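Protein chains in written order, with this note's numbering: chain R, 1 to 301; chain A, 302 to 407; chain U, 408 to 525. Beta carbons are placed, not taken as given, at the ideal position from N, Cα and C, and that holds for glycine. These numbers were taken from a predicted model, which means no experiment stands behind them. See below for the structure under consideration.
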Amino acid sequence: MVGASEEVELNRLENQVDNGGGGVWEYLCLVRKLKVRRSDKVLKHGLSILNDSKKRSKLGGEEWTLYEQVAVAAIDCQCLDVAKDCIKALQKQFPESRRVGRLEGMLLEAKGLWADAEKAYSSLLEDNPLDQVIHKRKISMAKAQGNVSAAIEGLNKYLDIYMADHDAWRELAEIYVSLQLYRQAAFCYEELILSQPTVPLHHLAYADVLYTLGGVENLQIAKKYYAATIDLTGGKNTRALYGICLCTIALGQLTKGRNKEDKESSELHSLAATALGKDYKYRAPDKVSLLTATLGNLKLS
Amino acid sequence: MNIGFVIGVFGILILAHATYSTIQYRSYLKILEEEFSSPPFNVVVELILGLVLCLWAALAVPGKFLSIHPDSEENRIVSLPANLDFMIFNHRGRALPTDVNMKLKC
Amino acid sequence: MTSNTGSEFEKKSSDDILLPTMNAENLQANMRTIYYSRTFLSIIAGVIAGILGFTNLTGFVFYFLVMAITSLGLVAKAKFSVHAHFDSWNRVVLDGFLSGLMSFVLFWTFAYDLVHIF
Chain R
1 MVGASEEVEL NRLENQVDNG GGGVWEYLCL VRKLKVRRSD KVLKHGLSIL
51 NDSKKRSKLG GEEWTLYEQV AVAAIDCQCL DVAKDCIKAL QKQFPESRRV
101 GRLEGMLLEA KGLWADAEKA YSSLLEDNPL DQVIHKRKIS MAKAQGNVSA
151 AIEGLNKYLD IYMADHDAWR ELAEIYVSLQ LYRQAAFCYE ELILSQPTVP
201 LHHLAYADVL YTLGGVENLQ IAKKYYAATI DLTGGKNTRA LYGICLCTIA
251 LGQLTKGRNK EDKESSELHS LAATALGKDY KYRAPDKVSL LTATLGNLKL
301 S
Chain A
302 MNIGFVIGVF GILILAHATY STIQYRSYLK ILEEEFSSPP FNVVVELILG
352 LVLCLWAALA VPGKFLSIHP DSEENRIVSL PANLDFMIFN HRGRALPTDV
402 NMKLKC
Chain U
408 MTSNTGSEFE KKSSDDILLP TMNAENLQAN MRTIYYSRTF LSIIAGVIAG
458 ILGFTNLTGF VFYFLVMAIT SLGLVAKAKF SVHAHFDSWN RVVLDGFLSG
508 LMSFVLFWTF AYDLVHIF
């Protein structure tokens, strides 16, 4: 999870590192901790540490973690030579390691040698059939080849065994959304909300899916989940505020004043609209007029 | 935190010195054959000083209080981590030019 | 300011069925912080009570005094907004009180013996 203050810190460090200031190692550690994907930056700055033997020896045992991080980043950037060298260095240090074997498999994936990668992963699974990360790699390999139905099938099988893995649930939900299978995606988001009830972004995604599905009941539930997101973020999530506005308007159109909750919902709507206005005035004063125009249009249509 | 730790050590040293002074004072009283009523004034001052320093250290060293509100700046979640276990490599980065100069020198 | 946030909290829990959500991990970290502070200070209080030669009730009164000062310091450390860092006042005022008493007595007798008996 990336918190607001952590994000500020990350951006500050990134700026500092890009402008040649110190703190490269701190930056790389933060990237690893927050699990953000900044492969180009990790590759560039990680290599600068690895190529400087004085800096590298200062890290001690952490050196190998950095090798792994840079190897993955290099694979992601298609700098296969660098990745190969990093993996070679790791292999020298840890022969027979499964973690290094996984990196080799990923390198094969990046080269597009799917059959070889599949073979490498299968032999690793024979060693340890319970290795979750390798199962996930196999699934993402299916996705990378464009075989989404196989990926879904693999994920479903995987989730039968490892039900507590919320990363996998999120991946499945995102795949379902990309295929417009909203009912299934909603189920995955329900699981996610159950396992991590304090993460507002799951509530938000669930509400988005329900709003997309439409219908009075779904819209009402979606509004509740948008409200939960606002509660958990202290009203600082613009998307949730817009969601409230859109839901109330869509509900008003569907029920046409037959609903007895109408008064309450219009109150909620105006509250969300004022919160949006305040936020825009604070962060983007020149776009306030756009906002008011949009909200007015929504009401009319 | 570091300053707090040094202050704590200093406070404990002062307390140790106060203990030592009191023991000396007791043996001095024994020679004079007087009864002990209360420790001498400088020991009391030292004890108060030691208590204050240790109070400072005890409040400063164990770390700051963290906010428990889910919507505070440090807890508010603004983005989910990239799903790194499921990352795939045949993305548009492949078409972008790569920096050829990058090389691992060993 | 403290009473303000307090009333807001109660209003939330009584009006709605919504449970007050909070970050349990951070709450636990805060409790651990308090525990360390209290344990250390009860040891220090024990040593001081021993050196001063307190006996009987005076010693316990001294312990209460030091713990009250600690509570005050903890509240000040939380910048007087207790509900931003803890779910109730008891956490700041009472938690760790009895476990601290044990170490207090131990170090009280230890320092007393060291100074006044041997």
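- How about the stretch 383-393 of chain A and the stretch 331-338 of chain A: do they share at least three Cβ pairs that are nearer than 8 Å? Note that the stretch 383-393 of chain A does not touch the stretch 331-338 of chain A; fewer than 3 beta-carbon pairs, one per stretch, sit closer than 8 Å.
- Closest Cα partner of Q184 (chain R) within the set R:R170, R:V133, R:S195: For Q184 (chain R), the nearest C-alpha among the options comes from R:R170.
- For I369 (chain A), which three-state DSSP category applies? Correct three-state label for I369 (chain A): coil.
- What is the DSSP secondary structure of G466 (chain U), counted as helix, strand or coil? Looking at G466 (chain U) - three-state DSSP - the assignment turns out to be helix.
- Message: Across the stretch 151-165 of chain R and the stretch 108-123 of chain R, are there enough close Cβ pairs to call them in contact, namely three or more that are closer than 8 Å?
- Response: In short, these stretches do not touch, since the Cβ pair count stays below three.
- Task: Would you check if the distance between the CB atom of N437 (chain U) and the CB atom of H492 (chain U) is smaller than 8 Å?
- Result: H492 (chain U) sits close to N437 (chain U), with the two beta carbons spaced by under 8 Å.
- Count the other C-beta atoms from every protein chain shown that fall within 10 angstroms of the C-beta of G105 (chain R), then say buried if there are 16 or more, exposed otherwise. Label assigned to G105 (chain R): buried.
- Using a C-beta cutoff of 8 Å, does M509 (chain U) count as contacting chain A? No, its Cβ sits nowhere closer than 8 Å to a Cβ of chain A.
- Can you grab the Cα-Cα spacing for the pair R498 (chain U) / A89 (chain R), in whole Å? Cα to Cα, R498 (chain U) sits roughly 52 Å from A89 (chain R).
- Item | Three-pair Cβ contact test at 8 Å for the stretch 475-484 of chain U versus the stretch 346-360 of chain A | Here the stretch 475-484 of chain U lies against the stretch 346-360 of chain A, with 3 or more beta-carbon pairs under 8 Å apart.
- Buried or exposed for A317 (chain A), please, with buried defined as at least 16 other CB atoms from any protein chain shown within 10 angstroms of its CB. Exposed: under 16 other Cβ atoms inside 10 Å.
- Using a beta-carbon distance below 8 Å, is Y443 (chain U) in contact with chain A? It does; some Cβ of chain A falls within 8 Å.
- 7 Å Cβ shell around A452 (chain U) - same chain, five flanking residues per side excluded: Spatial neighbours of A452 (chain U) in its own chain (CB-CB distance under 7 Å, excluding positions within 5 residues in sequence) are listed in chain order as F469, Y470, V473, F511.
- Item | the stretch 304-320 of chain A in contact with the stretch 278-295 of chain R per 3-pair CB rule at 8 Å | The stretch 304-320 of chain A vs the stretch 278-295 of chain R: no contact.
- Item | Distance between T323 (chain A) and I313 (chain A) (C-alpha atoms, nearest Å) | If I take the Cα positions, the gap works out to 15 Å.
- Using the rule of at least 16 other Cβ atoms within 10 Å of the residue's Cβ for burial, across every protein chain shown, is N411 (chain U) buried or exposed? At N411 (chain U) the pLDDT is 37, less than 50, meaning the model places this residue with poor confidence; the figure from the coordinates comes in the next sentence. Exposed is the call here.
- Beta-carbon neighbours of F366 (chain A), restricted to chain U and to distances below 9 Å: Among the residues of chain U, those whose CB is under 9 Å from the CB of F366 (chain A) are N433, A436, N437, T440, I441, L481, K484, A485, K486, A491, H492, F493, following chain order.
- Message: Counting C-beta neighbours from all protein chains within 10 Å, is the total for H490 (chain U) 16 or more, i.e. buried, or is it exposed?
- Response: In this structure H490 (chain U) is buried. Its beta-carbon is surrounded by 16 or more other beta-carbon atoms within 10 angstroms.
- Task: Check the Cβ of H370 (chain A) against every Cβ in chain U and list those closer than 8 Å, keeping chain order.
- Result: Going along chain U in sequence order, the residues near H370 (chain A) (Cβ under 8 Å) are M429, N430, A491.
- Query: Under 7 Å from any heavy atom of the ligand HEM, does the C-beta of I349 (chain A) make it?
  - Reply: Among the ligands in the structure shown, none appear at all, so the ligand HEM cannot be discussed.
- Return the bridge partner residues of I378 (chain A) from the DSSP annotation. Partner(s): R:G3.
- Which bits of chain A does L201 (chain R) rub up against, with CB to CB less than 7 Å? Result: I378, L381.
- In chain order, what residues of the same chain lie with their CB nearer than 6 Å to the CB of N237 (chain R), ignoring the 5 residues before and after it? Same-chain partners within the cutoff: T229.
- If we count the other Cβ atoms within 10 Å of its Cβ and call it buried at 16 or more, is G214 (chain R) buried or exposed? Under this definition G214 (chain R) is an exposed residue.
- Task: Compare the C-beta of S5 (chain R) against all C-beta atoms of chain A and say whether one is closer than 8 Å.
- Result: Chain A has a Cβ within less than 8 Å of the Cβ of S5 (chain R).
- Can you check whether the CB of G243 (chain R) is closer than 8 Å to the CB of A275 (chain R)? The answer is no: Cβ separation not under 8 Å.
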